[in-house]
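Here's the structure we're looking at; comments come further down.
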Amino acid sequence: MNNMLNNVNNDTSFFEIRVYPDSILRGIANPVNNPDENTLRLIEGMAKSMYTNRGVGLAAPQVGFDQQVIIFDIGEGLRSLINPRILEAAGEKRYEEGCLSLPDISLEIKRNSHVLVTGFDIKKDKEVTIETSDLPARVLQHEIDHLNGVLIIDKISSLKRQLLTRKFKRKRGRREET
Ligand SMILES: [Zn+2]
Numbered sequence: 625m626n627n628m629l630n631n632v633n634n635d636t637s638f639f640e641i642r643v644y645p646d647s648i649l650r651g652i653a654n655p656v657n658n659p660d661e662n663t664l665r666l667i668e669g670m671a672k673s674m675y676t677n678r679g680v681g682l683a684a685p686q687v688g689f690d691q692q693v694i695i696f697d698i699g700e701g702l703r704s705l706i707n708p709r710i711l712e713a714a715g716e717k718r719y720e721e722g723c724l725s726l727p728d729i730s731l732e733i734k735r736n737s738h739v740l741v742t743g744f745d746i747k748k749d750k751e752v753t754i755e756t757s758d759l760p761a762r763v764l765q766h767e768i769d770h771l772n773g774v775l776i777i778d779k780i781s782s783l784k785r786q787l788l789t790r791k792f793k794r795k796r797g798r799r800e801e802t
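Here it is in structure tokens:
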């Protein structure tokens, strides 16, 4: 884990997005006990990956780091949260959602429409709370799910999931052959 973070120092390009069924997407990310320069570099690398892939949010496991770090930009600039937690959630809304780790699919996912989230903001150098609704609330829930190994395919019916995962594994098999 530390070795991986040291590699961040040497890596000036953006990180490659890990795609399902990569096993890191199913792990539980570790809390970051002492956010430092390496954490900042990780966030910068993640931001490059997110913007390059036109995402609105990204979690560290999606670029191969099992750290509790998420970033998002829902049109108000880049934000990052270390060790984010949902304190309160209310309301329900269904909406189409995609994921950079599950390319080319879009699923209607039911989530809370309002959330109160806390986490450490390394740029502000303090613990912050974010109360938000609709799209930002959805993005925060989606990225925090990633830190717990949860993907949007876990939130649909098991039949639909079976069909989708089979499709993904076939695609991946083909990719490895070529
Ligand atoms: Zn995702």
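With our numbering applied, the sequence shown covers 625 to 802. Don't be surprised by glycine CBs; every beta carbon is placed ideally from N, CA and C.
TODO: Output yes or no for whether 7 Å exceeds the beta carbon distance between N677 and I652.
DONE: What you label residue 677 is simply residue 53 of the sequence shown in a count that begins at 1. What you label residue 652 is simply residue 28 of the sequence shown in a count that begins at 1. Pairing N677 with I652 gives a Cβ-Cβ distance that is not under 7 Å.
Task: Distance cut-off 6 Å: S673 Cβ against heavy atoms of ligand 1 - done: Position 49 of the sequence shown, counted from the start, is the residue given in the question as residue 673. No, Cβ of S673 sits at least 6 Å from all heavy atoms of ligand 1.
Open item on the list: I need the straight-line Cα distance from D778 to H770, nearest angstrom please.
Closed with: Along the sequence shown, read from residue 1 onward, the residue named residue 778 stands at position 154. Along the sequence shown, read from residue 1 onward, the residue named residue 770 stands at position 146. Cα to Cα, the separation comes out at about 11 Å.
Open item on the list: So, does the stretch 741–751 touch the stretch 775–793, judging by three or more C-beta pairs under 8 Å?
Closed with: no
- [ ] State the start and end residues of the unbroken alpha helix (DSSP H) segment that holds G669.
- [x] Start at 1 with the first residue of the sequence shown, and residue 669 comes out as number 45. Element bounds for G669: E661 to T676.
- [ ] Would you mind reading off the limits of the beta strand (DSSP E) that contains I780?
- [x] Locating residue 780 in the sequence shown gives position 156, counting from the first residue. Counting along the chain, I780 falls outside any beta strand (DSSP E), and DSSP gives it neither H nor E.
Open item on the list: Check this for me: beta carbons of A684 and E767, under 7 Å apart or not?
Closed with: What you label residue 684 is simply residue 60 of the sequence shown in a count that begins at 1. What you label residue 767 is simply residue 143 of the sequence shown in a count that begins at 1. No; because the gap between Cβ atoms is not below 7 Å, this pair is not in contact.
Open item on the list: Tell me which residues share the same chain as R718 and place their Cβ nearer than 6 Å to its Cβ, disregarding the 5 neighbours each side in the sequence.
Closed with: In the sequence shown, the residue the question calls residue 718 occupies position 94. Cβ neighbours of R718 beyond the five flanking positions: E732 and K734.
TODO: Grab the span of the alpha helix (DSSP H) containing P760 for me, first residue to last.
DONE: Translated into positions along the sequence shown, residue 760 becomes position 136. Here the alpha helix (DSSP H) through P760 covers D758 to L771.
Task: Exposed unless 16 or more other CB atoms sit within 10 angstroms - verdict on E721 - done: Sequence index remark: in the sequence shown, residue 721 carries index 97 (1-based). With 16 or more other Cβ atoms within 10 Å, it is buried.
- [ ] Compare the beta carbon distance of K672 and F638 with 7 Å and say whether it is the shorter of the two.
- [x] Start at 1 with the first residue of the sequence shown, and residue 672 comes out as number 48. Start at 1 with the first residue of the sequence shown, and residue 638 comes out as number 14. When the beta-carbon positions are compared, K672 and F638 come within less than 7 Å of each other.
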